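Undergrad: In the numbering used here, the protein residues as written are 118 to 445.
This is the structure, below, for whatever I ask next.
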């Protein structure tokens, strides 16, 4: 008598090892491993430490925020040894949305820049990389921050802290000035910080120019530059307008002189401008108001001017001597 027996292959233990291009956050759901039978296309989800019947399968690994790529074919042969699966998951690019709510009201942004470029609805960003964001508003302080997008499913929500700005209005007769042939426009600063252009509204009227600005509550002074000249006034008093430009900013003066030096007349244009300034009482007075260290910077600039003309060197020395006396 012949006995026929059929041997049944034992299930094979699966050892699954997953690595990531960007480490997964602790709060993210764990991965799942599915073996899809090639014949029936029925998936079987294998838990950690699980076993599977030998056979032909498609391998698919899923985790929120990651991609495994196309399903991979695999053959699991009968064996007493575990079947090792070593795979890598790649973090998927994500969109960004912004939580910009103040007192239960959604505040629209005027402009959002990410890495220096305006963001669009369809833009996506790679997790694990630092991105720089600038978020501008009409009535709120500009938010500048850097963030790293973690791996995850769906858009990454960035919380935006909103600070309301105070509004001030004033008017002036003109907002520009020509100095030594160069046209300069007003530049507005709140204390030492420039007021961003989108926070300045300007409207020309009959004989006046009307300004509306928005600044932080803590700001004390409005400083208005026009070239190297500037004026300042307490912000609470700015409705009275901008006072006379009766101050000189030495660093800006040096920039102005350097611009003229690069012109057709070169060093002699610089010397002419400085001699004219020192020949006027009001400009000497403004220079005298500058700190001695600032005057030193101006003297150093003049001393470093390059010229082979002995007459120019004499003029330079006279200017330096005159500036030295202003420090007394």
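All C-beta atoms in this analysis are idealised placements derived from N, C-alpha and C, irrespective of residue type, glycine included.
Every value quoted in this text rests on a predicted model; they were computed, and no experiment measured them.
(1) With three or more C-beta pairs closer than 8 angstroms as the rule, is the segment 333-347 touching the segment 375-391?
(2) Considering only C-alpha positions, which residue in the set 390, 334, 411, 371 is nearest to residue 283?
(3) Tell me, to the nearest whole angstrom, how far the beta carbon of residue 260 is from that of residue 277; I am working on the premise that it is less than 8 angstroms.
(4) Could you give the uninterrupted runs of the beta strand (DSSP E) lying entirely in the segment 290-344, keeping only those of 3 residues or more?
(5) So residue 285 and residue 330 are supposed to be a Cβ contact under 8 angstroms. How far apart are they, rounded?
(6) Nearest-angstrom Cα distance between residue 402 and residue 294?
(7) Please classify residue 163: does DSSP put it in a helix, a strand, or coil?
(8) Residue 290: buried (16+ other C-beta within 10 angstroms of its C-beta) or exposed?
(9) Around the C-beta of residue 359, are 16 or more other C-beta atoms found within 10 angstroms, so that it is buried, or is it exposed?
(10) Mind checking which residues open and close the beta strand (DSSP E) that includes residue 177?
(11) DSSP puts residue 273 in a beta bridge; with which residues?
(12) Does the segment 363-372 touch the segment 398-417, meaning 3 or more C-beta pairs lie closer than 8 angstroms?
(13) For residue 257 versus residue 206, is the C-beta distance shorter than 8 angstroms?
(14) Per DSSP, residue 237 is paired with what?
(15) Closest by CA to residue 182, which one among 172, 154, 139, 191?
(16) Quick one: what's residue 191 bridged to in DSSP?
(17) Please report how far the alpha carbon of residue 168 lies from the alpha carbon of residue 268, in whole angstroms.
(18) One question on the structure: do residue 108 and residue 129 come within less than 8 angstroms of each other, judged by their Cβ atoms?
(19) Leaving out five residues before and five after residue 375 in sequence, what residues of the same chain have Cβ atoms less than 7 angstroms from its Cβ?
(20) Mind reading off the beta-carbon distance from residue 344 to residue 315? Whole number of angstroms is fine, and I expect it under 8 angstroms.
(21) Just to confirm before moving on: does the CB-CB distance between residue 215 and residue 275 stay below 8 angstroms?
(22) Who are the Cβ neighbours of residue 349 in its own chain at under 6 angstroms, not counting the five residues just before and after it?
(23) Does residue 359 come out as helix, strand or coil in the three-state DSSP assignment?
(24) With a threshold of 16 other CB atoms inside 10 Å of the CB of residue 188, please say whether the residue is buried or exposed.
(25) Determine the DSSP secondary structure at residue 137, reduced to helix, strand or coil.
(26) Near residue 420, what residues of its chain come up, given a Cβ to Cβ distance below 8 angstroms and the 5 sequence neighbours on each side ignored?
(27) Should residue 455 and residue 236 be called a contact, given that it needs their Cβ atoms to be closer than 8 angstroms?
(28) Looking at C-alpha atoms only, which residue of 198, 229, 238 is the closest neighbour of residue 211?
(29) Less than 8 angstroms between the CB atoms is what I'm expecting for residue 250 and residue 234, so what's the real figure, rounded?
(30) Measuring alpha carbon to alpha carbon, tell me which residue in 176, 199, 184, 170 is nearest residue 191.
(31) Which residues in the same chain have their Cβ closer than 6 angstroms to the Cβ of residue 371, if we skip the five residues on either side of it in sequence?
(32) In three-state DSSP terms, what is residue 288?
TA: Taking the geometry as given:
(1) no
(2) 334
(3) 5 angstroms
(4) 293-296, 299-302, 304-307, 317-321, 326-332, 338-343
(5) 5 angstroms
(6) 20 angstroms
(7) strand
(8) exposed
(9) Buried: at least 16 other Cβ atoms inside 10 Å.
(10) 172-179
(11) 213
(12) yes
(13) no
(14) Within the DSSP bridge table, the entry for residue 237 names no partner.
(15) 139
(16) 174
(17) Spanning the two alpha carbons is a distance of roughly 30 angstroms.
(18) Outside the displayed range of the chain (118 to 445) lies residue 108, so it cannot be described from this structure.
(19) none
(20) Residue 344 to residue 315, Cβ: 23 angstroms. No contact.
(21) In this structure, residue 215 lies near residue 275, with their beta-carbon atoms less than 8 angstroms apart.
(22) 338, 340
(23) Shown here, residue 359 sits in coil according to DSSP, grouped into three states, outside any helix or strand.
(24) Residue environment: residue 188 is assigned as exposed (fewer than 16 neighbouring CB atoms within 10 Å of its CB, all protein chains considered).
(25) strand
(26) 433, 437
(27) Residue 455 cannot be examined here, being either before or after the span of the chain that is shown, 118 to 445.
(28) 238
(29) Residue 250 to residue 234, Cβ: 11 angstroms. No contact.
(30) 176
(31) If you ignore the 5 residues before and after residue 371, its C-beta comes within less than 6 angstroms of the C-beta of 418, all in its own chain and listed in chain order.
(32) strand
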